[in-house]
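Enquirer: Chains as they are written, first to last, in UniProt numbering: chain X, 1 to 153; chain C, 1 to 153.
Number of protein chains: 2
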Amino acid sequence: MDDRPAPERRQTLGALLRLPYEALQREVYGGLAARGFPEIRPAHSAVFRHIAPGGSRLTALAERAGMTKQSMAYLVDGLEAAGHVRSLPDPRDGRARLVTLTAKGEKVVAALLELGAEAEARLAGRIGAKRAARLRRALEEWVAAIEQDRRAR
Amino acid sequence: MDDRPAPERRQTLGALLRLPYEALQREVYGGLAARGFPEIRPAHSAVFRHIAPGGSRLTALAERAGMTKQSMAYLVDGLEAAGHVRSLPDPRDGRARLVTLTAKGEKVVAALLELGAEAEARLAGRIGAKRAARLRRALEEWVAAIEQDRRAR
DNA sequence: CTCTTTCGTCAGGGGGACTGACGATTGATT
DNA sequence: AATCAATCGTCAGTCCCCCTGACGAAAGAG
Numbered sequence: 001m002d003d004r005p006a007p008e009r010r011q012t013l014g015a016l017l018r019l020p021y022e023a024l025q026r027e028v029y030g031g032l033a034a035r036g037f038p039e040i041r042p043a044h045s046a047v048f049r050h051i052a053p054g055g056s057r058l059t060a061l062a063e064r065a066g067m068t069k070q071s072m073a074y075l076v077d078g079l080e081a082a083g084h085v086r087s088l089p090d091p092r093d094g095r096a097r098l099v100t101l102t103a104k105g106e107k108v109v110a111a112l113l114e115l116g117a118e119a120e121a122r123l124a125g126r127i128g129a130k131r132a133a134r135l136r137r138a139l140e141e142w143v144a145a146i147e148q149d150r151r152a153r
Numbered sequence: 001m002d003d004r005p006a007p008e009r010r011q012t013l014g015a016l017l018r019l020p021y022e023a024l025q026r027e028v029y030g031g032l033a034a035r036g037f038p039e040i041r042p043a044h045s046a047v048f049r050h051i052a053p054g055g056s057r058l059t060a061l062a063e064r065a066g067m068t069k070q071s072m073a074y075l076v077d078g079l080e081a082a083g084h085v086r087s088l089p090d091p092r093d094g095r096a097r098l099v100t101l102t103a104k105g106e107k108v109v110a111a112l113l114e115l116g117a118e119a120e121a122r123l124a125g126r127i128g129a130k131r132a133a134r135l136r137r138a139l140e141e142w143v144a145a146i147e148q149d150r151r152a153r
């Protein structure tokens, strides 16, 4: 039924980013599930990525993740219910909630870093270490350019 | 409030893909809105990317996009209501719906390709044409590796 | 001490994906 | 030719994850 491999048209840069990104995400979150954390979903990385060692305020997490505090609260509540995170009243500010990782949450962070590194190593084995390194460098420059634009905005 | 630029830890490959991808998406869909198509959202690209010149069946679209037919129907219905797509009964199969682009939809596809090309050109201006070309090639190889794995699965 | 700002929450909504069940149609197998 | 399984699209319901608006409580500026 017209399921031929597509006219082999030049792929857009968007597709070239999306496909690896999705594949990587499947690897990482599949691996996380295999390690006993099936409840962690991609959206949760917004928390794990931005939480500070000594704990972070909800508002700070939201701002760093570029989302509303309501959305961040939704994610944090889920992680708290699952025991990855705990939130205590900030002793220095009666309004604030200080979100910190539990031991379980620390393990997730470690697993996320490991799985990411493993995936990158597999990529290097697949397309060549040199090419993978150049890919990383090019992406780093792109990201740097984006952040520069954002600051200049 | 602890909003320092982060410990400058080595970024994960996931972040290095996600940030450019999101930036690119903002550029492309912002540009589309500026050209008079504010109703087109990223999810709609699943339709525009996979629709065949002579029209495609809903089921075929869903399969190529890797989603359920219900989800694809949701997207197609939206595009049809906005006049980008039209769906007629397939003369060769009384069950099927043949989805085709309208003239308006064709313009969107053209705009999407243009905006993508513009963004890539801007990237080349930003990080260097050579580096951008190498980045594209590395991503193409990665995508090819992914598809090979998928077929071998 | 008042007034403004900030913190987190409550309430509601929408987009975009999913599963399960189903009627209509098709096409293959007797 | 009749039956029966597979396929097409839809209906109904759900979930996740993001949003906006409004608000009480607490902090901080004047």
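Virtual Cβ for every residue (Gly too), placed ideally from N, Cα, C.
Nothing here was measured: the structure is a model prediction, and the numbers come from that model.
CB of A124/X to nearest heavy atom of the ligand GTP: below 8 Å?
Expert: The ligand GTP is absent from the structure shown, which contains no ligand whatsoever.
Enquirer: Look up T59/X in the DSSP assignment and say whether it is helix, strand or coil.
Expert: Position 59 of the first sequence holds residue 59/X. The answer is helix: DSSP assigns T59/X an H, G or I state.
Enquirer: As an exercise, report each continuous alpha helix (DSSP H) stretch of at least 4 residues that is fully enclosed by the UniProt domain "HTH marR-type" (10-144) of chain C, in chain order.
Expert: Listed in chain order, the complete alpha helix (DSSP H) runs (minimum 4 residues) inside the UniProt domain "HTH marR-type" (10-144) of chain C are 13-34, 45-50, 58-65, 69-81, 103-127.
Enquirer: Residues in the segment 29-50 of chain C with C-beta within 7 Å of chain X's C-beta atoms, listed in sequence order?
Expert: Hits within the stretch: zero.
Enquirer: Could you check if G66/C is buried or exposed, using at least 16 other CB atoms within 10 Å of its CB as the buried criterion?
Expert: Locating residue 66/C in the second sequence gives position 66, counting from the first residue. The residue in question, G66/C, is exposed, as its Cβ has fewer than 16 Cβ neighbours within 10 Å.
Enquirer: Using a Cβ-Cβ distance under 9 Å, would E106/X count as near chain C?
Expert: Here residue 106/X is taken as the residue at index 106 of the first sequence, counted from 1. Not one chain C Cβ lies under 9 Å of E106/X.
Enquirer: Strictly below 8 Å CB to CB, what residues from chain X border V99/C?
Expert: The residue you call residue 99/C lines up with position 99 of the second sequence. Those within 8 Å of V99/C in chain X number zero; the least Cβ separation is about 12 Å.
Enquirer: CA-CA distance, R35/X and G54/X?
Expert: Counting from 1 along the first sequence, the entry for residue 35/X is found at position 35. Counting from 1 along the first sequence, the entry for residue 54/X is found at position 54. C-alpha separation (whole angstroms): 26 Å.
Enquirer: Assuming the contact rule is C-beta atoms closer than 8 Å, L113/C and G31/C should be a hit. Round their C-beta distance to whole Å, please.
Expert: As a working mapping, residue 113/C is identified with position 113 in the second sequence. As a working mapping, residue 31/C is identified with position 31 in the second sequence. The pair is not a contact, with the Cβ atoms about 12 Å apart (cut-off 8 Å).
Enquirer: At the level of alpha carbons, what is the spacing between D90/X and E106/X?
Expert: If you number the first sequence from 1, residue 90/X lands on position 90. If you number the first sequence from 1, residue 106/X lands on position 106. So the alpha carbons of these two residues sit roughly 21 Å apart.
Enquirer: Please list, in chain order, the chain X residues whose beta carbon lies closer than 8 Å to that of R114/C.
Expert: Looking up residue 114/C in the second sequence gives position 114. Note that residue 114/C is Glu in the sequence shown here, rather than Arg. Under the 8 Å cutoff, chain X gives no residues; its nearest Cβ is about 11 Å from E114/C.
Enquirer: For E20/C, which residues in chain X fall below 8 Å Cβ to Cβ?
Expert: Counting from one through the second sequence, the residue named residue 20/C turns up at place 20. A quick correction: the sequence has Pro, not Glu, at residue 20/C. Result: L17, L139, W142, V143, I146.
Enquirer: Rounded C-beta distance between L24/C and A119/C? I'm assuming under 8 Å.
Expert: Working through the second sequence from its first residue, we reach residue 24/C at position 24. Working through the second sequence from its first residue, we reach residue 119/C at position 119. At roughly 6 Å, the Cβ-Cβ gap stays under 8 Å, so L24/C and A119/C are in contact.
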